[in-house]
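Residue numbers (our numbering), protein chains in the order written: chain A, 1 to 115; chain B, 1001 to 1111.
Worksheet for the structure shown next.
Below is the structure:
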């Protein structure tokens, strides 16, 4: 039972480099989310998707891009890495929109450092 | 964004003690969820509360949603070392798709 799988688990980038954080889920969930978690700051929503082909900005989208070509995959792209993007990134999925009893299922995170 | 304030930020207690953590907001939420996060892992849902005044029990954990649906509390009875972790509350707004997370309460239970 894989659930939500994120790769890589750890990564160090140089300023200005680009990379894609991968997220895949095997629960056939329509809703998927990307959060970042900074120490002592809780989780902040970067982007979300309500289904294949549909994405929208969350609270902190600047410097990131997403795509949702399939139900299973929701990659997060950093085009020009900046030190402010050093964080732990979590991908999550859910069967329905917030407001129901359904949980958001989280992956184990990608720890990203920009030096 | 509707802000959720959690208190205390850090809590260190001994096994067997009781504790309460709080989640407060000036805004009304349609429901509220509590998650627990262990080091190196993503958050895992503990409970969802929907009705104002609702109380839910999960073994030694008791969750309460305020009458006005602006605040919530989590009470742990006879804490165990396995309760150690980061406890996050997340408010569900009346519209939209984003959960609003608090900053969390980091709990350490020592033997």
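Where is the CB? At the ideal position from N, CA and C, for every residue including glycine.
Just checking: is the beta-carbon of residue 47 (chain A) within a distance shorter than 8 angstroms of some beta-carbon in chain B? Put simply, the CB of residue 47 (chain A) is far from chain B, with every gap to its CB atoms at 8 angstroms or more.
Going along chain B in order, which residues have a C-beta closer than 9 angstroms to the C-beta of residue 90 (chain A)? Neighbours of residue 90 (chain A) on chain B, chain order: 1042, 1043.
Is the CB of residue 1097 (chain B) under 8 angstroms away from at least one CB in chain A? Yes, contact with chain A.
Report the three-state DSSP secondary structure of residue 1085 (chain B) (helix, strand or coil). Looking at residue 1085 (chain B) - three-state DSSP - the assignment turns out to be strand.
Report yes or no: do three or more beta-carbon pairs, one from the segment 60-76 of chain A and one from the segment 1032-1050 of chain B, lie closer than 8 angstroms? In this structure the segment 60-76 of chain A does not touch the segment 1032-1050 of chain B; the number of beta carbon pairs closer than 8 angstroms is below three.
Measure the alpha-carbon distance for residue 1111 (chain B) versus residue 1060 (chain B) and round it to whole angstroms. So the two alpha carbons sit approximately 17 angstroms from each other.
Simplified DSSP assignment, three categories, for residue 1095 (chain B): Note: residue 1095 (chain B) maps to coil in three-state DSSP.
Apart from the five residues on each side of it in sequence, which residues of its chain come closer than 6 angstroms, Cβ to Cβ, to residue 2 (chain A)? Residues 26 of the same chain have their beta carbon placed closer than 6 angstroms to that of residue 2 (chain A), with the five preceding and five following residues left out of the count.
Give me the Cα-Cα distance between residue 97 (chain A) and residue 113 (chain A), rounded to the nearest whole angstrom. If you draw a straight line from the Cα of residue 97 (chain A) to the Cα of residue 113 (chain A), it comes to about 31 angstroms.
Outcome for residue 36 (chain A) when other beta-carbon atoms lying within 10 angstroms are tallied against a minimum of 16: Per the 10 Å Cβ criterion, buried.
Cβ of residue 1103 (chain B) less than 8 angstroms from any chain A Cβ? For residue 1103 (chain B), the answer is yes, since a Cβ of chain A falls inside 8 angstroms of its Cβ.
Own chain, CB closer than 7 angstroms to residue 54 (chain A), minus 5 neighbours either side, in chain order: Here the set comprises 68.
Pull out every residue of the segment 16-46 of chain A whose Cβ sits closer than 9 angstroms to any Cβ of chain B, in chain order. Per Cβ criterion, the list reads 31, 33, 35, 37, 40, 41, 42, 43, 44, 45.
First and last residue of the uninterrupted beta strand (DSSP E) at residue 1065 (chain B): Per DSSP, the unbroken beta strand (DSSP E) holding residue 1065 (chain B) starts and ends at 1061-1065.
Near residue 102 (chain A), what residues of its chain come up, given a Cβ to Cβ distance below 7 angstroms and the 5 sequence neighbours on each side ignored? Residues 94, 95, 96 of the same chain have their beta carbon placed closer than 7 angstroms to that of residue 102 (chain A), with the five preceding and five following residues left out of the count.
Report yes if the CB atom of residue 1113 (chain B) is closer than 8 angstroms to the CB atom of residue 1071 (chain B), and no otherwise. The structure shown does not extend to residue 1113 (chain B), since chain B is modelled only from 1001 to 1111, so the question has no answer here.
Pull the bridge partners of residue 10 (chain A) from the DSSP assignment, please. A:111.
To the nearest angstrom, how far is it from the Cα of residue 1076 (chain B) to the Cα of residue 64 (chain A)? Each residue's alpha carbon lies about 39 angstroms from the other.
For residue 95 (chain A), would you say it is in contact with chain B, using Cβ-to-Cβ distances shorter than 8 angstroms as the test? Judged by the 8 angstroms Cβ criterion, residue 95 (chain A) is not in contact with chain B.
If you scan the segment 38-107 of chain A from start to end, which runs of the alpha helix (DSSP H) of 4 or more residues do you find wholly inside it? Counting only runs of 4 or more, we get nothing.
I want to verify the contact list: residues of chain A whose CB lies under 9 angstroms from the CB of residue 1051 (chain B), in sequence order. Ordered by position in chain A, no residue passes the 9 angstroms Cβ test against residue 1051 (chain B), which lies about 12 angstroms from the chain.
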